[in-house]
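Residue numbers (the working numbering): 1 to 659.
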Amino acid sequence: MKSGNRRVKKEDSARVLLTETCPYEVPIIFSNTGFYWHVKKYESGTSLFPRVMDYLFHGSLTEEYTLPLTYKVRKDEDSFRVVSLLHPRVQIGFVEFYKEFSDQILLACSKSQFSIRRPSKIAGKYFAKNQSENIRKYRAESLSLASSEVKYKHLTSYFSYSDYTRLYRFFDSSDFLSLERQYSSFWSLDISKFFDSIYTHSIDWALKTKPFSKTNTGTKNTFGAVFDRLMQVSNYNETAGIIIGPEICRIFSEVIFQQIDLNVETELGRVGFECGRDYVIRRYVDDIFIFATNDSVASVVAKCVEVHAKEYKLNLNKSKTTKASRPFVTSKTKSLRLIKNALSNFELKLVSKGEDGEGEFEPRRVFNRKKLCIAFLNEVKSACIDDAAAYGLVCGYLMSALKNLLVRVAEKNITRTFEDKAGLKKYSDFFHVILEVIFHLYTVSPGHKGSVNLFVSSTVACSFFSRHLPDEIDSIKSKIYTSCRSFFESSEYAKMAAENGDYALLEALNLLVLLKEIGEDYLVPRQLLESLVKISERRRFSYFEIVVLLYYIGNNASYASIKRSIIKDINSILESVSDLRLSSEKLYLFLDSMTCPYLDEAFKSKLAAKLLKQIYSAEATPQEISELTLKLGKYPWFVSWANVDFVTALEKKELLRGY
1 MKSGNRRVKK EDSARVLLTE TCPYEVPIIF SNTGFYWHVK KYESGTSLFP
51 RVMDYLFHGS LTEEYTLPLT YKVRKDEDSF RVVSLLHPRV QIGFVEFYKE
101 FSDQILLACS KSQFSIRRPS KIAGKYFAKN QSENIRKYRA ESLSLASSEV
151 KYKHLTSYFS YSDYTRLYRF FDSSDFLSLE RQYSSFWSLD ISKFFDSIYT
201 HSIDWALKTK PFSKTNTGTK NTFGAVFDRL MQVSNYNETA GIIIGPEICR
251 IFSEVIFQQI DLNVETELGR VGFECGRDYV IRRYVDDIFI FATNDSVASV
301 VAKCVEVHAK EYKLNLNKSK TTKASRPFVT SKTKSLRLIK NALSNFELKL
351 VSKGEDGEGE FEPRRVFNRK KLCIAFLNEV KSACIDDAAA YGLVCGYLMS
401 ALKNLLVRVA EKNITRTFED KAGLKKYSDF FHVILEVIFH LYTVSPGHKG
451 SVNLFVSSTV ACSFFSRHLP DEIDSIKSKI YTSCRSFFES SEYAKMAAEN
501 GDYALLEALN LLVLLKEIGE DYLVPRQLLE SLVKISERRR FSYFEIVVLL
551 YYIGNNASYA SIKRSIIKDI NSILESVSDL RLSSEKLYLF LDSMTCPYLD
601 EAFKSKLAAK LLKQIYSAEA TPQEISELTL KLGKYPWFVS WANVDFVTAL
651 EKKELLRGY
């Protein structure tokens, strides 16, 4: 299949919704694709309900604010990160902002020579191939993609970025090696609670000056003022701290840090230090790396960074400052290099790389699956023996690498014709071994990215078995089921759940989506599901819990009591819809309830009646209610309830993950 880049319509500013305004860390069934489709229909004058669109998403944000939908994702072994969904009204506000100020964003992000992750131009192409390009080979006959998903299958971001979209690429680069040759001292600095510490008004200080901004507060339509206002509106009108998750928030922080970089370089120049001679700084978002001729110079540079960051209410996390002399190897990078060697040897035992493409990515014969898995996992533990904290980093790296290997093997062999069925034994062994290792790594170090890797690996493996090993399909599905149950019953999950408190973890909800995907015969018992979501009269379900559980339960009578609790909570949350324009949780829940095939029409009609009364300040007729119920429920909004190729959707999301 031909590959390459495809042109994208630069004038389509609504594509901001696909790349800039939604966090990467969301349930597998959630995306902005449906929302984008509705916005495009509205823009073209073909919306099924333009008055509803006007009411829910449009109108001035100047004097109002919204409440984001916040939730937790696992950051590392000891902590969680609070991530937020923007209210759809604010997302529309950012569409207009990008339309008007894209050039100013690029200009404001071009001042610093320190930054190695910054928007550099408006993207004019989208990538049209990766290793899962032929993923349609795995797709069930009944599944299909919406036209917008096809068109933007690999849309990476609104902007093109310089120089690195992943931090690890910097450490593996020739630039890093060159700096190691030139400088003998290496310091790594970190900003404490970076996004939580950003003062929204400080964007004007970065674009002008602090004194000028404080004496000219009446200007409302400048780039800085509009950006500041949108960030406040998205978060309770707060000026202290910005929400975490969407790419737009990283761009906001980059604009501010660009000026800090410039101030640091200017100040160091005044004391006789020249960038490129005495020192070099590389900054990736809020991670700052100093290369200097010696520790004395590095100390002066670090102090200068600290002083100028503090002018913007940002403080260094001194406990995370690390220092190294040549070779610039930390315990984490040392562990990662050992892991890469172990992984390379493991792959050689599993697959043939072939010569001239012949036999490439064909599994080798495995004589003892259990022994092979144990030996590799012991190597992984040995590589991290000097730095236990590196284990989580290593597990994440390995899950991604092994998922990529599994997909590559399936990609190369899914369309093959196997004359000798006995030769398929090595394929069965390969998929069992890879899934065994990935599930083990996930159980000891769970995270959202890992759950996505598990979903893709498991789904692709099942598709291969369905086509070539139908008599063994139950064996691979049973492995997935028992591995998921083992995770739910593990001490690591119990620890995470206890620390998280109220709501079911995204890392667990995604595994429920996986179990639903492999079939109704592999759903967990009701008692286990109840323990996972902590059903209690003292708390109500969160939005993500509601939509994932409805997707998982469907109309299965075994979970009738849980479904009744869910419907009770939906009614409680949406008892009043007067604040749909304010509450992100209510609006997401309202729209996805209207499209949910597992809620009856009478239930949806009551919601539609409430909305119509709110819009028109009068009771609607039965016909008006019926028409709106039908129209609002016809096409997806945020949750994909049925007939979705999740593997392709996740492939696209992976390209959007930029940090």
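For every residue, glycine included, the Cβ atom is placed at its ideal position computed from N, Cα and C.
C-beta atoms of residue i and residue j nearer than 8 angstroms
i       : j       : result
Glu-507 : Arg-74  : yes
Phe-328 : Val-297 : no
Tyr-71  : Phe-544 : yes
Val-444 : Cys-373 : no
Ser-584 : Leu-179 : no
Arg-283 : Phe-252 : no
Leu-402 : Val-380 : no
Phe-488 : Leu-532 : yes
Arg-364 : Lys-353 : no
Leu-424 : Leu-469 : yes
Leu-697 : Lys-479 : No answer is possible for residue 697: the residues shown for the chain start at 1 and end at 659.
Cys-304 : Val-255 : no
Phe-49  : Leu-630 : no
Ile-92  : His-38  : no
Pro-88  : Leu-589 : no
Leu-580 : Ile-566 : no
Arg-51  : Ile-553 : no
Ala-608 : Leu-632 : yes
Thr-19  : Ser-157 : yes
Glu-64  : Val-233 : yes
Ser-428 : Glu-472 : yes
Val-280 : Phe-291 : yes
Per DSSP, the bridge partner or partners of residue i
i       : result
Tyr-71  : Val-83
Leu-632 : Leu-632 is not bridged to any residue.
Ser-583 : Leu-67
Tyr-199 : Ala-240
Leu-316 : Ile-191
Ile-680 : Beyond the ends of the chain as shown, which are 1 and 659, falls residue 680; an answer cannot be given.
Nearest-angstrom Cα separation, counted from residue j out to residue i
i       : j       : result
Arg-166 : Val-407 : 21 angstroms
Tyr-481 : Leu-405 : 22 angstroms
Ala-128 : Ala-649 : Note that Ala-128 scores 45 on pLDDT, short of 50, meaning its location in the model is unreliable and no value can be drawn from it.
Ser-13  : Glu-96  : 8 angstroms
Val-351 : Arg-467 : 20 angstroms
Met-53  : Val-300 : 55 angstroms
Ser-578 : Leu-56  : 11 angstroms
Gly-450 : Tyr-442 : 6 angstroms
Tyr-236 : Asp-204 : 20 angstroms
Glu-149 : Ile-105 : Its pLDDT being 38, under 50, Glu-149 is placed unreliably by the model, and nothing is read from it.
Leu-529 : Ile-535 : 9 angstroms
Ser-31  : Asn-453 : 17 angstroms
Val-26  : Ala-302 : 36 angstroms
Val-460 : Val-409 : 10 angstroms
Val-524 : Ala-240 : 43 angstroms
Glu-601 : Ile-243 : 36 angstroms
Cys-22  : Gln-259 : 26 angstroms
Asp-569 : Ala-225 : 39 angstroms
Thr-46  : Thr-595 : 19 angstroms
Cys-384 : Asp-175 : 26 angstroms
Arg-526 : Phe-455 : 22 angstroms
Ile-122 : Tyr-199 : 27 angstroms
Lys-310 : Asp-261 : 12 angstroms
Ser-475 : Ile-116 : 47 angstroms
Phe-418 : His-432 : 19 angstroms
Status (buried if at least 16 other CB within 10 Å, exposed otherwise) for residue i
i       : result
Phe-159 : buried
Ile-196 : Before going further, note that residue 196 is Asp rather than Ile in the sequence given. The residue in question, Asp-196, is exposed, as its Cβ has fewer than 16 Cβ neighbours within 10 Å.
Tyr-168 : exposed
Phe-186 : buried
Leu-177 : exposed
Arg-229 : buried
Tyr-635 : exposed
Val-639 : buried
Ser-44  : exposed
For residue j and residue i, believed in contact at Cβ under 8 angstroms, the rounded distance
i       : j       : result
Asn-315 : Asp-190 : Going by Cβ atoms, the distance from Asn-315 to Asp-190 rounds to 10 angstroms, so no, they are not a contact pair.
Trp-641 : Leu-591 : Not quite, the Cβ-Cβ distance comes to about 12 angstroms (not below 8 angstroms), so this is no contact.
Cys-484 : Leu-514 : 7 angstroms
Lys-477 : Gly-447 : Their Cβ separation, rounded to whole angstroms, is 24 angstroms, which puts Lys-477 and Gly-447 out of contact at 8 angstroms.
Phe-171 : Thr-321 : Their Cβ separation, rounded to whole angstroms, is 17 angstroms, which puts Phe-171 and Thr-321 out of contact at 8 angstroms.
Ser-335 : Ala-390 : 4 angstroms
Val-16  : Phe-101 : Actually they are not in contact, since the Cβ atoms of Val-16 and Phe-101 sit about 12 angstroms apart, beyond 8 angstroms.
Ser-490 : Arg-326 : Wrong, their Cβ atoms sit about 42 angstroms apart, outside the cutoff.
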